[in-house]
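Data first, discussion second: the structure below is written as structure tokens.
Structural data, given as structure tokens:
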């Protein structure tokens, strides 16, 4: 998403645990390490014991029994029998955490985050979204031609409001900052106290307000564990200050890129990928099950992975191709909504092996069907990116011609949704995912641009989504 009159959407993050436990490393005397605890979080190279044997974690894990999960492709390595006194196991975290993903990254930082696991000062309630939600970005921190919209003036039709943007002090610092647009740039900007009160009122009304991190100008590269930990602490501080429900990950540009040789999305090794996954899990654990996590990647970073993934085994491709896939996969049990930006995109190959271009219902149908059906990555049928749940998937569309390339009139957007939900009016595309009655809804860049153009997006699509049942 961009700040100029030609803009794009955003994305967020979330996940965490109140306690991250690092077990002792096995020693030559094969003494038994600390006993495994189902409620504790372990990361790569942590060692635990159970049933008279020591086990080493290959990657981030929680609740996966080492006796049952120590096969060739499982999370634990069986180090063999151990003896001696077993160290007491740590107590389980006091706050609830989401279940670990079915396949976790094989490389995780061996040092647990240094961020304090204390309880948030703004407890996040566990509350549901409507079956079909309307999601929009509110640019509160900067000015452009669309004008400023006060939080209290955001219409009730918007179910998730993503605040654009939290940005880092430098690309690699991990130190995320957010502040309201200065009055000199944004006439009509509210006071910070009114902004916070407006957020509280939205949440009281059942809406979700998230910090969107990144955007076109906010390059975020968590190259070190120090940057990862600073990311967690700084994002937590913003959430607590403004009383937010979670985060949206909108990493664009060169924020995510795969290192040479990192070819398996199920087991990433690139630090910026691994550290982002770890940071989001830490946020989710910190705030618990009510934490809302959305993401707004561009098609280049997701659907392009069907053809290309990173630089490929022989190089030659852009190392950013498909680079969101390991993040989405590792966090698939934690993501509330994934809404890919179906705009500002080149032509992308769909599951029919045809190229699809922006400008009509077809592009939205083909791109979204890939996430609802799953797809082999880089043509490797032995390495399939699994489908996400219907309720986790929405798609993003510009609210107007000024908001981004790829604007589609409301009738065509609704044709795409009807095809995905009911399997009818799909044009020439055959949907692989079947019908998807729990499809989550629509995202747009942006609420500000929608107001500028007389609320066309909101007025057209909210009643339509509600009527889907």
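Numbering (the numbering used here), first residue to last: 1 to 469.
Just so it is clear, CB atoms sit at the ideal spot from N, CA and C, and this is done for glycine as well.
Counting other Cβ atoms within 10 Å of its Cβ, residue 368 reaches 16 or more and is therefore classed as buried. Its chain contains 151, 209, 242, 243, 244 as the residues whose beta carbon lies nearer than 8 angstroms to that of residue 199, once the 5 sequence neighbours on both sides are disregarded; these appear in chain order. With a cut-off of 8 angstroms on Cβ pairs, the region 132–140 is in contact with the region 430–447, counting three or more such pairs.
If one requires a minimum length of 4 residues, the alpha helix (DSSP H) runs lying completely within the region 278–358 are 325–330, in chain order. Approximately 4 angstroms separates the beta-carbon atoms of residue 433 and residue 372; this is inside 8 angstroms, confirming the contact. For residue 225, the enclosing alpha helix (DSSP H) stretches over residues 225–242.
Counting the other Cβ atoms within 10 Å of the Cβ of residue 38 gives fewer than 16, which makes it exposed. Counting along the chain, the unbroken alpha helix (DSSP H) around residue 198 starts and ends at 192–204.
If you check the CB distance, residue 457 and residue 397 come in under 9 angstroms.
Contact check between the region 286–294 and the region 245–257: three or more CB pairs, one atom from each, fall below 8 angstroms, which counts as touching. DSSP, read as helix, strand or coil, puts residue 216 in coil. In this structure, residue 185 sits away from residue 215, with a CB-CB distance that is not shorter than 9 angstroms.
The alpha-carbon separation between residue 334 and residue 284 amounts to approximately 8 angstroms. Contact check for residue 172 against residue 222 passes: the beta carbons are separated by less than 9 angstroms.
Taken atom to atom, the span from the alpha-carbon of residue 154 to that of residue 448 is near 9 angstroms. Around the beta carbon of residue 235, a 10 Å sphere encloses 16 or more other beta carbons of the protein chains shown; the residue is thus reported as buried.
Using a 10 angstroms sphere on the CB of residue 463, the tally of other CB atoms stays under 16, which defines it as exposed.
Counting along the chain, no alpha helix (DSSP H) covers residue 49; the unbroken beta strand (DSSP E) around it starts and ends at 47–50.
Cβ contact annotation for residue 51 (same chain, cutoff 6 angstroms, sequence separation greater than five): 67, in chain order.
Taking the CA atoms as reference points, residue 48 sits about 13 angstroms from residue 69. The C-beta of residue 279 has 16 or more other C-beta atoms within 10 Å across all chains shown, which makes the residue buried.
Measuring C-alpha to C-alpha distances from residue 359 to each of 263, 404, 329, 324 identifies 404 as the nearest. For the 9 angstroms CB-CB criterion, residue 410 and residue 461 form a contact. Of the candidates 277, 318, 327, 309, 327 places its Cα closest to the Cα of residue 297. Annotation for residue 410: the continuous alpha helix (DSSP H) segment containing it runs 410–422. Take residue 188, set aside five residues on each side of it, and the residues of its chain with a beta-carbon closer than 6 angstroms to its own are 148, in chain order.
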